[in-house]
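Have a look at the structure below, then the notes.
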Amino acid sequence: MSDTDLGLMDARSLAKLYKSQQASPLEATRAALGRIEQFNKQVNAYVYVDTEGAESAAKASARRWGQGKPLSPIDGVPISIKDLTQVAGMPCREGSLTTSDALCDTDAPPARMLREAGAIILGKTNTPEFGWKAVTDNRVFGATVNPWDTRLTAGGSSGGAAAAAALNMGVLHQGGDSGGSIRIPAAFTGVFGFKPTFGWTPQWPPSKEPSLSHLGPLTRSVKDAVSMLNVMGRYDYRDPYATRGQPACWGEDLDKGLEGLRIGFSSDLGYAQVDPQVAARVREAADKLAALGAEVVEVNPGFESPLDTFRKLWFTASLEQWSQMSSAQRELLDPGLVANAKKAESWSAVELFRALADRATLTQRLEYFNQQYHLLMTPAVTLPAFDINHEVPPGSNMRDWEEWAAFSYPFNLSQQPAASVPCGFTEQGLPVGFQLAGGKYDDKRVLRACHAYMQAHPPRFPSIPNPAHFAS
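The working numbering puts the first residue of the sequence shown at -11, with every later residue one more than the last.
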């Protein structure tokens, strides 16, 4: 068994090898670290790598497997944590010059749960400053690029996790999603990304707008995502928004197929402008879901764009953060984040209160929709990946990332589960993803449908980062 083989394996395959003593967690960890060494300079997915700590944890895991006493099915599996999440013994820069390299002394809930399950934390993945936008670049570490074409963005704000997943620099990757930050980079890089029902994957300290934020996995398969959710998708008292009721096994319905599922398909939600090639790939995916046994009905869910509602919440969160900083710190902030904060300065408490009421109306509408349809299918993103170090595609006349992320933030407002599933490529060879969203607490059904599609239509991944994959 070569290191390269181990570096490409999924969590369940590694566990089988550990159990049979055909490979060890130390070998798998060194394979993952080797891939980071090989690829990270080209894509900038990891901003901190703990080689010594990972190898030490892997040796302890190897001893447990040797004694037949693994802590969990992901004991010894290499993973990454997004650099908005605290990990004891590692810095948490959050992509900001206002933070320091001081090492954290406490694990946030996902890090604690994954560590206690024996997972090997390789390091931290890149994010824009405080996760404020849907592309990944910052003044501390620079931009994370797309493995399919390193001239382009990997998306954000979990862009580092997505690039790491695409290149298997580790097996399981934790991301966070307040307006699409798991699903957008998953679509741009061709991996699977899942945003669980709000409160089912706890977080602490809270995010900048905690009622929008969902933590979840970015992986190469639904089964790997389930392996991660079975550990980090558990209640933690430190999160004041955490809820109970998670399934004992998030993947218990994975093999049920699509028979009996009624899927509403909307190509544009009635208001989004979608790139023709993205629209074509997603419509093909809808036909494939129907061929697999689902009833797919083209519908309009019947709500207007909630962009203003989302901005009222998101920009106000930026303003609150900006207001807590000194003049010197404000000078260090990403100008785009500051611009958002400034936009919120003139808003009144009544306007924010109305936005909360509009959010409730949207949630009610989507929950009603899910009484008629089990799932809602849309494109994951309106367009393919574009140039790095830009918030919007150059020459597009767009101003903010929310304009091209029209499919993602509605489901943060509604707090429903949603996933991005890879479904092919544009003519330029760039990944496309479709989104499946379900009613609150219907995560198992979303995962079931995603798995059925990916089993029938396996994605492909880049073997190496490609600096000029296709001509302009």
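Think of the CB as a built atom: it goes at the ideal place given N, C-alpha and C, for glycine as much as any other residue. As the structure is a computational prediction, the values presented were derived from the model and not from experiment.
Per-residue burial, Thr349 [other beta carbons within 10 Å of its own, 16 or more giving buried]: That one is exposed.
Three-state secondary structure (DSSP) at Phe27? The answer is helix: DSSP assigns Phe27 an H, G or I state.
Going by CA-CA distance only, name the one from Arg271, Thr132, Leu203 that's closest to Pro98. Ranking the options by Cα distance to Pro98, first place goes to Leu203.
Under the three-state DSSP convention, the category Met(-11) falls into: The pLDDT assigned to Met(-11) is 47, lower than 50, so where the model puts this residue is not dependable; a value taken from the coordinates is nonetheless given after this. The answer is coil: DSSP assigns Met(-11) none of H, G, I, E or B.
Are Thr304 and Ala332 close, meaning C-beta to C-beta below 8 Å? Yes; because the gap between Cβ atoms is below 8 Å, this pair is in contact.
Which listed residue (Thr115, Trp136, Val210) has its alpha carbon closest to that of Asn126: Selected option, being the one with the closest Cα: Thr115.
Ordered along the chain, which non-local residues of its own chain (more than five positions away) have a Cβ less than 6 Å from that of Leu(-4)? Around Leu(-4): Asn156.
Can you tell me which of Gly187, Ser209, Ser199, Phe186 puts its alpha carbon nearest to the alpha carbon of Gly463? The chain is shown from -11 up to 460; residue 463 falls before or after that span and cannot be answered.
Between the alpha carbons of Lys112 and Asp296, how many angstroms are there, rounded? So the two alpha carbons sit approximately 33 Å from each other.
For Asn126, the residue or residues it bridges with in DSSP: As DSSP reads the structure, Asn126 sits in a beta bridge with Gly130.
If you drop the 5 nearest sequence neighbours on each side, which residues of the same chain put their C-beta closer than 8 Å to that of Asn454? Around Asn454: Pro135, Trp136, Asp137, Thr138.
Quick one: give me the first and last residue of the alpha helix (DSSP H) that Ser84 is part of. Boundaries for Ser84: no alpha helix (DSSP H) harbours it, and the DSSP string shows neither H nor E there.
For Phe303, report the span of its alpha helix (DSSP H) as first-last. 295 to 311 is the extent of the alpha helix (DSSP H) around Phe303.
Thinking C-beta only, is Phe395 closer than 8 Å to Ala368? Yes, the pair counts as a contact, with Cβ atoms nearer than the cut-off.
Considering only the beta carbon of each residue, do Gly252 and Pro289 sit closer than 8 Å? A distance below 8 Å separates the beta carbons of Gly252 and Pro289.
Per DSSP, what are the beta-bridge partners of Gln162 in this structure? DSSP lists Pro205 as partners of Gln162.
Met216 - containing alpha helix (DSSP H), residue span: DSSP places Met216 in the uninterrupted alpha helix (DSSP H) bounded by 210 to 220.
How is the beta strand (DSSP E) around Asp137 delimited, first residue to last? Asp137 -> beta strand (DSSP E) spans 137 to 141.
Look at the alpha carbon of Pro194 and the alpha carbon of Val409, and state the distance between them as a whole number of angstroms. So the alpha carbons of these two residues sit roughly 28 Å apart.
Pro450: which of Lys300, Leu72, Phe176 sits nearest, CA to CA? Checked all of Lys300, Leu72, Phe176; the closest Cα to Pro450 is Phe176.
Are the CB atoms of His439 and Leu280 nearer to each other than 8 Å? In this structure, Leu280 does not lie closer than 8 Å to His439 by Cβ.
Return yes when the Cβ of Pro184 is within less than 8 Å of the Cβ of Ala230, no when it is not. The answer is no: Cβ separation not under 8 Å.
Would you list the residues sitting across from Ser477 in a DSSP beta bridge? Residue 477 falls outside the range modelled here, since the chain spans only -11 to 460, and no answer is possible.
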